[in-house]
Amino acid sequence: MSVNDAEPPDGAALPGAAESPAALPGAAESPAALPGAAESPADVTPGAGSASVAPPSAEDVEFMREAIAEARRAEARGEVPVGCVIVLDGAIIGRGHNLRETSQDPTAHAEILALREAAAVLGSWRLERAVVYVTLEPCPMCAGALVHGRVARVVYGADDPKAGATTTLYAIGSDPRLNHRFVLSAGVLGAECGALLSDFFRAVRARRRQVRPSSIQGTDERPTSIEQTRVGSHPDSE
Ligand SMILES: [Zn+2]
């Protein structure tokens, strides 16, 4: 929170610094628009909410696997499995996994925790060349924080039809009205990231059935599609 509290000067928006070369609305979807330049153009997926058309780069896969490892740490604590890593110049500078229940903190999403760690490591809230890997599409809070952090690029795994704020419901990160935009890649290891969530909720439902045997016909007990579990999966969605 203190990091975010330090951000209002950011909102004051330095006229020149606010815009990145990749900041044109349409350019966010263009493979040529990578400000970090470290990433392969092939891995940029237009924000259509679908899986990548082109295969992701080896680097994207590597770091998404790190984000998945973070998600598993959340799962091991009984938290909804969402994980995030933040990468600068090929090195991880921030990690986070959802800790909402453990912390009883509505802001303890993977991206927020990773942003705080990365900013502490750099000694700066400006994460201008950073690439963020997160297993689930960021929610409005996290997408907003990523804008405030000035990250260069966001790579996510599974879409979140209920709370997704970079592609699905909103386009925070490519909205020209905001003073910063980031390049977006969707669907990297998306099936694996989504399966983590659907498996988690399947186990939760199974435990509920054991606690409340039979007679449950409520809608929350129906077997759900992966999309439905994603809907229910996000820390914000409950
Ligand atoms: Zn979030």
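Sequential numbering of the sequence shown, starting at 0, is according to numbering that gives the first Met the number 0.
Glycine is no exception: its CB is placed at the ideal position from the N, C-alpha and C atoms.
Can you tell me which residues form a DSSP beta bridge with Ala-90?
Looking at the DSSP assignment, Ala-90 forms a beta bridge with Leu-87.
How long is the line joining the alpha carbons of Leu-183 and Arg-211, rounded to whole angstroms?
So the alpha carbons of these two residues sit roughly 43 angstroms apart.
Comparing C-alpha positions only, which one of Val-84, Val-154, Gly-89 and Ala-170 sits nearest to Asn-97?
Selected option, being the one with the closest Cα: Val-84.
Quick one: measure Cβ to Cβ for Gly-89 and Ala-117, integer angstroms, because I've assumed they're closer than 8 angstroms.
Here Gly-89 is actually not in contact with Ala-117; their C-beta atoms are around 14 angstroms apart, not less than 8 angstroms.
Coil, strand or helix - Ser-49 by DSSP:
Any answer about Ser-49 is weak, because its pLDDT of 42 lies below 50 and its placement is not dependable; what the coordinates show is given next. Correct three-state label for Ser-49: coil.
Considering only their Cβ atoms, is the gap separating Cys-192 from Ala-164 smaller than 8 angstroms?
No, the Cβ-Cβ distance between Ala-164 and Cys-192 is not below 8 angstroms.
CA-CA distance, Pro-71 and Ile-171?
At residue 71 the sequence reads Arg, which differs from the Pro that was named. Rounded to whole angstroms, Arg-71 and Ile-171 show a C-alpha spacing of 27 angstroms.
The region 167-181 touching the region 141-153, judged by at least three CB pairs closer than 8 angstroms:
Contact between the region 167-181 and the region 141-153 is present, because at least three Cβ pairs lie under 8 angstroms.
Exposure of Pro-80, with buried meaning 16 or more beta-carbon neighbours within 10 Å:
Buried.
Cβ of Ala-162 less than 8 angstroms from any chain C Cβ?
Annotation note: the requested chain C is absent from the structure, which comprises a single protein chain.
Nearest to Ser-56 (by Cα), restricted to the options Arg-180, Ala-119, Val-187 and Leu-177
Answer by Cα proximity: Val-187.
Presumed contact (8 angstroms Cβ cut-off) between Thr-106 and Arg-76, rounded CB distance:
17 angstroms between Cβ atoms; not a contact.
Euclidean distance between Cα positions of Ala-109 and Ile-67
Going from the Cα of Ala-109 to the Cα of Ile-67 covers about 11 angstroms.
In DSSP terms, what Tyr-155 is bridged to:
Tyr-155 is bridged by DSSP to Val-133.
Measure the C-alpha to C-alpha separation of Ala-157 and Asp-59 and round it to an integer number of angstroms.
Spanning the two alpha carbons is a distance of roughly 14 angstroms.
Under 8 angstroms between the Cβ atoms of Ala-144 and Leu-114?
Yes, they are a contact pair.
If I'm right that Leu-324 touches Asp-159 with Cβ under 8 angstroms, what's the distance once you round it to whole angstroms?
Coverage of the chain is limited to positions 0 through 237, which leaves residue 324 absent and any answer about it impossible.
Can you look up Leu-177 in the DSSP assignment and give me helix, strand or coil?
Coil.
Taking buried to mean at least 16 other C-beta atoms within 10 Å of its own C-beta, is Glu-61 buried or exposed?
Exposed: under 16 other Cβ atoms inside 10 Å.
Distance cut-off 7 angstroms: His-147 Cβ against heavy atoms of ligand 1
His-147 has its CB no nearer than 7 angstroms to any heavy atom of ligand 1.
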